[in-house]
Structure formats: structure tokens, C-alpha cells
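Engineer: The structure's right below; bear with me while I get my questions together.
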Amino acid sequence: MKTEAPTRPDRVPVRDRWRIGFPEYSRYGSVAGGRDIMFRRGSALNPYDQSILKGDYPVFGQHLFMILSATSFTAVQQQRTPTPSNVSSARPGSAEFFGKPEVLALDQVLQFSFEMFGGDSTFKPRQWAIKISPTFSLPNYVRAREQGVINIDPRRGTSRTDWHFSLEDAFAEVKLEDVNSNYDAVSLRVGIQPFVSDFRGFIYTDNNLGARLFGAFRNNRYILRAA
10 MKTEAPTRPD
20 RVPVRDRWRI
30 GFPEYSRYGS
40 VAGGRDIMFR
50 RGSALNPYDQ
60 SILKGDYPVF
70 GQHLFMILSA
80 TSFTAVQQQR
90 TPTPSNVSSA
100 RPGSAEFFGK
110 PEVLALDQVL
120 QFSFEMFGGD
130 STFKPRQWAI
140 KISPTFSLPN
150 YVRAREQGVI
160 NIDPRRGTSR
170 TDWHFSLEDA
180 FAEVKLEDVN
190 SNYDAVSLRV
200 GIQPFVSDFR
210 GFIYTDNNLG
220 ARLFGAFRNN
230 RYILRAA
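So, in C-alpha cells, the structure goes:
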């Protein structure tokens, strides 16, 4: 019996299993005009698609991932608060007991976060991770209508502009031990990291320097948290 030679190879090489991607599929074809697509290819520019910038694909090899993110927070506040006037008033000759109450505040915060970790992005706890999040407050501007509100020294005027820098995250994490074959593990994290404590509904949250030991046992039925 005569057989025809295959027109395409039986195996198609791919870079790794992370980039196999979804098949091309449109649920309604030309009716929806590309608006209802179940599966999409990854894109580094669209944050809602799979991207190498947010840890969906490895940057090197099969188990090294990177997450880059940026956050911008802008706050503008205008308030009127009863403000006493004294001999250091901003307007000579003002005899009223209360001065001008207006205060304007502007704060712009930029945070950049870089995280690199080794392991798998799902199913298993990470083998190790390093994260750093520099945060800039630029500028922090406040302006009032009276002396002594913004600066305790009235000679420094009624406005203030300052800049701040901090590290909201700067820690290293390593997995110490695999407890069982169901991916229960114990890990240690040291450095500047988030800390959240819930005491009867009173939630305390902070980013500070410390060490944290955490893990799970018996198929995640028992949780270990020590800080």
C-alpha cells in the first residue's frame, strides 16, 4: 500500500513549556470581529496578557523569573481648619483671633519594584527570591495661609517642599525544607518586608526590618507563621 510522505514534522520544537501558549481560537468568528477571543497570545506591553515582565515566562533557562512593576500615587488635599493668629502672622496688622484657615497639600509617590525568584511560578513554593522596592516622594508640597502651621520657625514662611526616599521592600527569601511530596515547605525571609497582624479585627500593617519563618504542613492544613 502506497503511503504519502508527511507534509509537516511530527514534532515541533519550542523554546520551553512556558511559551507554548494558547491556540488561535475565536468563539464567534467574524461575527464578533475579534472582540470576544477566549485565548490570547502573550504581550509585554499589555499587563492583562502573559508577559515576561510579570513573571509568566522565565528570563533565563526554565526556572528563573523576574517581576517588574511601578506604582504611582498622587494625593491632593485642600482643607479649612480654624487656625489661630498671633504676633507672627503672615499679614501685618491682622488683629483677628483666627487667621486664614486654608491649607493645600500635594504628594506624589513613585514606587518601583524588582523581584527575581527561582523555581516554578505555580504549584510549588519558590526555591529562593530577592525583592527590592525603592520608593520616592517627589515632591511633598504643603502651603498654608498662616505662619507656624507648616514650619515651627515663622521665618521659614508658609510653604514647605521636601523629598523623601525609602525602601518599602528589600528582602531575601529561601526555602529551607520540603516537608512532603505535596509541596508543603518551610521558608525563611529576612530583610525589609510587609508585616500584618490582626488582633480581633484591629489590623496592624507595616513594612519594617525583620525575619519571618513560614510554612505549611499536612497538605496545607497546618500553617506556620513566626516573625
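The letter at position 14 of the sequence shown is residue 23 when you use my numbering, and the numbering goes up by one with no holes. The beta carbon of each residue, even a glycine, is placed where N, CA and C say it ideally should be. Being a predicted model, the structure only gives us computed values, none of them experimental.
1) Quick one: what's got a C-beta closer than 6 angstroms to THR90's C-beta in the same chain, skipping five residues either side?
2) Within the continuous beta strand (DSSP E) that includes ILE212, where are the two ends?
3) Quick one: is ASP215 buried, meaning 16 or more other Cβ sit within 10 Å of its Cβ, or exposed?
4) With DSSP as the reference, label ARG26 as helix, strand or coil.
5) Assuming TYR66 and ARG28 make a contact with CB atoms under 8 angstroms, what is their CB distance in whole Å?
6) With GLY224 and GLN202 assumed to form a contact (beta carbons below 8 angstroms), what rounded beta-carbon distance in angstroms separates them?
7) Does the beta-carbon distance from PRO134 to LYS184 come in below 7 angstroms?
8) Could you tell me whether the Cβ atoms of GLN117 and THR83 are closer together than 7 angstroms?
9) Following a CB-centred definition, is LEU115 positioned closer than 6 angstroms to any heavy atom of the ligand NAD?
10) Alpha carbons only, please: which of PRO93, GLU177 and ASN95 is nearest the one belonging to PHE123?
11) Closest to ASP207 by CA distance: which of ARG234, THR92 and ALA194 is it?
12) Within its chain, find whatever has a CB closer than 7 angstroms to the CB of HIS72; leave out the 5 residues flanking it on each side and keep chain order.
13) Once you ignore the five residues that flank MET75 on each side, which residues in its own chain have a CB closer than 6 angstroms to its CB?
14) Have a look at PHE107, GLN86, GLN87 and GLN88 and flag the residue whose alpha-carbon is nearest the alpha-carbon of SER94.
15) According to DSSP, is ARG230 helix, strand or coil?
16) Thinking C-beta only, is THR167 closer than 7 angstroms to ALA99?
Structural biologist: The short version:
1) On the sequence shown, position 81 is the one that residue 90 refers to. These residues qualify, in order along the chain: PRO110.
2) Taking the sequence shown and counting its residues from 1, one reaches residue 212 at position 203. First-last of the beta strand (DSSP E) with ILE212: 211 to 226.
3) The sequence position of residue 215 within the sequence shown is 206, counting from 1. By the 10 Å Cβ count, ASP215 comes out exposed.
4) As a working mapping, residue 26 is identified with position 17 in the sequence shown. The answer is helix: DSSP assigns ARG26 an H, G or I state.
5) Counting from 1 along the sequence shown, the entry for residue 66 is found at position 57. Counting from 1 along the sequence shown, the entry for residue 28 is found at position 19. Between TYR66 and ARG28 a beta carbon distance of about 6 angstroms is seen, short of the 8 angstroms cut, so the two are scored as contacting.
6) Indexing the sequence shown from 1 puts residue 224 at position 215. Indexing the sequence shown from 1 puts residue 202 at position 193. Incorrect: roughly 16 angstroms between the Cβ atoms, too far for contact.
7) On the sequence shown, residue 134 is found 125 positions in, with the first residue counted as 1. On the sequence shown, residue 184 is found 175 positions in, with the first residue counted as 1. Cβ atoms of PRO134 and LYS184: closer than 7 angstroms.
8) By 1-based counting over the sequence shown, the position of residue 117 is 108. By 1-based counting over the sequence shown, the position of residue 83 is 74. Yes.
9) Among the components of this structure there are no ligands whatsoever, and the ligand NAD is therefore not found.
10) If you number the sequence shown from 1, residue 123 lands on position 114. PHE123 has its Cα closest to that of GLU177, out of PRO93, GLU177 and ASN95.
11) Position 198 of the sequence shown, counted from the first residue, corresponds to residue 207. Per the Cα distances, ARG234.
12) Taking the first residue of the sequence shown as position 1, residue 72 is located at position 63. GLY127, GLY128 and ASP129, listed in sequence order.
13) Along the sequence shown, read from residue 1 onward, the residue named residue 75 stands at position 66. Hits under 6 angstroms: VAL68 and MET125.
14) Position 85 of the sequence shown, counting from 1, holds the residue named residue 94. When only C-alpha atoms are compared, the closest one is PHE107.
15) One-based indexing of the sequence shown puts residue 230 at position 221. Of the three classes helix, strand and coil, the one that applies to ARG230 here is coil, per DSSP.
16) Position 90 of the sequence shown, counted from the first residue, corresponds to residue 99. Position 158 of the sequence shown, counted from the first residue, corresponds to residue 167. In this structure, THR167 lies closer than 7 angstroms to ALA99 by Cβ.
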